[in-house]
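All residue numbers for the sequence shown refer to this note's numbering, where the first residue is 73 and numbers rise by one.
Glycine residues also receive a C-beta, built at the ideal position from the N, C-alpha and C atoms.
Heads up, the thing below is written out as structure tokens.
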Amino acid sequence: MQTLSVIKQRREVTQFQPTPVPRDHIRALIEAGYYSVTGNNLPSREFVVVEDAATREALSRATPYMPWAKDAPLNLVIAGNPQVSKYWLQDATIAASNIWLVATELGLGAAWGAIHHAEDPVECARREQAVRDAVGIPAELRPVAVLGIGYAAAPPKEKEMYPLARVVHLHSWGRQVGNLTEV
Ligand SMILES: Cc1cc2nc3c(=O)[nH]c(=O)nc-3n(C[C@H](O)[C@H](O)[C@H](O)COP(=O)(O)O)c2cc1C
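Next up, the structure:
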């Protein structure tokens with residue numbers, strides 16, 4: 073599949089079949105994270121692969137918005153390390169996005185649990201500690217996201233997009249692009 077097709081096809085899936093994710097697929101997802109670009113090529117993000125049901129249950133309680141984590145047969149925790157790079161947050165986010173795309177290409181569904189919370193430092197710290205406690209991550213690492221991955225219980229619908237002109241400008245901001253033929 074072409075990368076752009078995968079990007080267009082990707083949806084969030086929050087209901088999963090109990091079928092485990094095949095080992096070769098898990099390896100491909102890890103590679104997607106491992107090979108993801110980082111600022112200055114520094115290893116500023118780390119990954120924890122979680123299949124254990126009790127650990128997934130603990131992760132599902134890290135925020136109120138990821139109950140699906142316990143039902144996803146695979147959870148991937150992505151954590152950044154500010155001691156390694158000032159770009160830890162971007163690096164972790166890029167890796168999570170690439171993993172999500174590879175999951176889509178492999179026919180897997182995925183959901184994103186937001187651990188990093190830029191607007192509420194107290195809630196952010198609470199979420200991070202819940203993830204650290206669940207999987208034993210050391211204090212210097214900042215958990216950014218938990219991806220829940222597995223086979224979707226039902227095929228996701230095609231994505232409905234807002235107009236291109238809402239977000240794309242040509243030459244200067246405000247010259248909105250209504251149609252790609254204008255570019
Ligand atoms: C940074 C970020 C944070 C997100 N946080 C959550 C979350 O905490 N819980 C959740 O169920 N989905 C979360 N999502 C999923 C988005 O809400 C979802 O991808 C978005 O509504 C678009 O839908 P789509 O993925 O089907 O295109 C998050 C996605 C991103 C990129």
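Proximity test, residue i beta-carbon vs ligand 1 heavy atom, cut-off 6 Å
i, result
"methionine 233", "no"
"tryptophan 160", "no"
"glycine 185", "yes"
"arginine 199", "no"
Anticipated Cβ contact below 8 Å, residue i with residue j, distance rounded
i, j, result
"alanine 134", "leucine 213", "So it is not a contact: roughly 14 Å between Cβ atoms."
"arginine 83", "lysine 231", "6 Å"
"lysine 142", "serine 132", "4 Å"
"tryptophan 140", "threonine 86", "4 Å"
"alanine 130", "alanine 206", "4 Å"
Proximity below 7 Å, CB of residue i to CB of residue j
i, j, result
"asparagine 170", "serine 108", "yes"
"alanine 168", "glycine 220", "no"
Residue i versus residue j - alpha carbon distance
i, j, result
"valine 216", "valine 194", "15 Å"
"asparagine 147", "alanine 125", "10 Å"
"arginine 198", "isoleucine 187", "9 Å"
Status (buried if at least 16 other CB within 10 Å, exposed otherwise) for residue i
i, result
"glutamate 278", "Any question about residue 278 goes unanswered here, given that the chain covers just 73 to 255."
"glutamate 200", "buried"
"asparagine 113", "exposed"
"arginine 95", "exposed"
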